[in-house]
Structures are given as C-alpha cells and as structure tokens.
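Residue numbers (the numbering used here): 3 to 125.
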C-alpha cells in the first residue's frame, strides 16, 4: 500500500514513469522511497525520473509458486540501473539470463491502475 512517502512513486507508475529519490544535499540517488538519504542522512529528497536502463546484477529462477495459480517459472532479479540504484524486480521474456545482461524497463499492470516495474532484454 502507498503512504505519504510512497504515494508520488505509485502515482508515477500509473503513467509508466519510474521515479528515484534524489538527495538535494549530496545528489545521491536511491530506490525504494525513504525518509532519509542513504548517502548522507539528509532529509531533503526530490524525485528524479529514471531512464529505465540497467544490467542484471543477480537473479534466480523460481519453480515453486508462492500461492496456488501463480505461474511458474518466473525470474527474480537485482537490476542495477545505469543511474546507480538497485531494484529487486522480475525479469520477463524467458528464464535464460546472465549477470551483466543489459535490460530495459517494462511494466506489469495491477488491478487498481498502478503498475510494477519489471525488466526485459535490451536489444
């Protein structure tokens, strides 16, 4: 669920925009939204739109569904964005992946109009 801190992030997903937090003090970019900068501890945080490109940092292929009816296999991955932050996400488009593979942002629709960032092969 969204709260005051995450509401702008969730609102941007409705427009297929991936936002990162940017510290107005030190310039550090971070994801997921937090009240403090993880670089300097500052509280001056603004929003920065990500270009949505990055590389696979690590991944695993999951073959057991977390609940009945969940499609398997699926890929859980850490994607390091070109801007620096790391997202825990899903890779779509098969299960054959490798670390350092280039990826680009895609979206998975949620029932309430929000969207989740997922990644697919870039090129």
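The C-beta atom is built at its ideal place from N, Cα and C for all residues, glycine as well. Note that the coordinates shown come from a computational prediction; the quantities given were computed from them, not determined experimentally.
In the pairwise beta carbon analysis, the region 11-25 is classified as touching the region 52-70: at least three pairs are separated by under 8 Å.
The bridge partners DSSP lists for residue 51 are 21.
For the options 98, 8 and 114, the alpha carbon positioned closest to that of residue 34 is the one of 8. Rounded to whole angstroms, residue 74 and residue 64 show a C-alpha spacing of 7 Å. With a beta-carbon spacing of about 6 Å, residue 60 and residue 101 fall inside the 8 Å limit used to define contacts. Taking 8 Å as the upper bound for CB-CB distance, residue 88 and residue 58 are not in contact here, some 11 Å apart.
Residues 104 of the same chain have their beta carbon placed closer than 7 Å to that of residue 125, with the five preceding and five following residues left out of the count.
The alpha carbon of residue 32 has as its nearest neighbour, out of 85, 117 and 97, the alpha carbon of 85. Separation of residue 117 and residue 93 (C-alpha to C-alpha, rounded to the nearest whole angstrom) is 15 Å.
When DSSP states are grouped into helix, strand and coil, residue 26 belongs to the coil group.
Burial is judged here by how many other beta carbons sit within 10 angstroms of a residue's own beta carbon; residue 78 has fewer than 16 and is exposed. Taking all protein chains in view, the Cβ of residue 10 is surrounded by fewer than 16 other Cβ atoms within 10 Å, so the residue is classified as exposed. Just so you know, the alpha carbons of residue 115 and residue 67 end up roughly 24 Å apart.
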